[in-house]
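Engineer: Quick one: the structure is below, and I'll ask about it shortly.
In the working numbering, the protein residues as written are -11 to 131.
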């Protein structure tokens, strides 16, 4: 158990997805950001855009700052899943509201045997006194 805990906390990839909406059965991933941290040091980053089948809703454009022209010529997210699987193998995946990301990642983390931690749940547990547990609030709180 102690060895498993050491593995769990030594290599993290902080993952964030931007999507065209909230429904993984209908909506698409348009952006992926990942920060790989090993032993407390950033060791790699990913920042990728993905094309979509249909135009971005105006609300998503305003939220993400992305326009249809930004996504033109980029492959769809589904084509990147095998490579993402290779990159995530052996890392603990950390995401804020991880269930949302999990919906768009399909079975990828579990098929890799990767642990998936939810930073929102952890923040609620560790700091229930905070007024907000949003990702923006977490970033402001952590400095």
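Where is the CB? At the ideal position from N, CA and C, for every residue including glycine. Note that the coordinates shown come from a computational prediction; the quantities given were computed from them, not determined experimentally.
Can you tell me which residues form a DSSP beta bridge with residue 7?
Structural biologist: 17
Engineer: Provide the residue span of the alpha helix (DSSP H) that contains residue 71, from first to last.
Structural biologist: 69 to 76
Engineer: DSSP has residue 83 in a bridge; who is on the other side?
Structural biologist: According to DSSP, residue 83 bridges with 106.
Engineer: Please name the residue in 1, -2, 6, 0 whose C-alpha comes closest to that of residue 88.
Structural biologist: 6
Engineer: Go through its chain and collect everything with a Cβ distance to residue 35's Cβ below 7 Å, but skip five positions before and after it.
Structural biologist: 21
Engineer: Between 122, 14, -1, which has its C-alpha nearest residue 112's C-alpha?
Structural biologist: 122
Engineer: For residue 13, count the other beta carbons within 10 Å of its own beta carbon; 16 or more makes it buried, fewer makes it exposed. Which is it?
Structural biologist: exposed
Engineer: Strictly under 9 Å for the Cβ-Cβ distance: is residue 125 near chain C by that measure?
Structural biologist: Of the chains in the structure shown, none is chain C; there is only one protein chain.
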